[in-house]
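Visitor: Take this structure first; my questions come after.
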Amino acid sequence: ITVYSGLGAIAQIPFLTCAFKSQNQVIDEPFCRVWLDPPWFYKQMFHPTTNPQFLGFLGLLGLLIYVAYLSYFVLIRLGKQGRSATGQ
């Protein structure tokens, strides 16, 4: 563990209370809303009229593709070539 990761973990300790609040409490409290504003701003900038369910579908599709490629790498390619994935 580096010093920076330790400092980051310490800096996030006050925000742990937000994890145990209801959705409405998190939205209403400015201290917790700090974590929600950046993704909402990103959605407002790049996907203002897109349905949230469609964005969730795209996220799941991306996750499935990632898991498929990672599984291929770990189960097939890594087994054939060892730790060197370059093929040499």
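In the working numbering, the protein residues as written are 22 to 109.
C-beta atoms are modelled at their ideal positions from N, C-alpha and C, and glycine is treated no differently.
1. Compare the beta carbon distance of His68 and Leu76 with 8 Å and say whether it is the shorter of the two.
2. Give the secondary structure of Lys64 by DSSP, where H, G and I count as helix, E and B as strand, and everything else as coil.
3. Consult DSSP for Asn72 and reduce its assignment to one of helix, strand or coil.
4. Which of the three DSSP states is assigned to Leu57 in this structure?
5. Straight-line CA distance for Phe62 to Gln44?
Guide: Short version:
1. yes
2. helix
3. coil
4. coil
5. 18 Å
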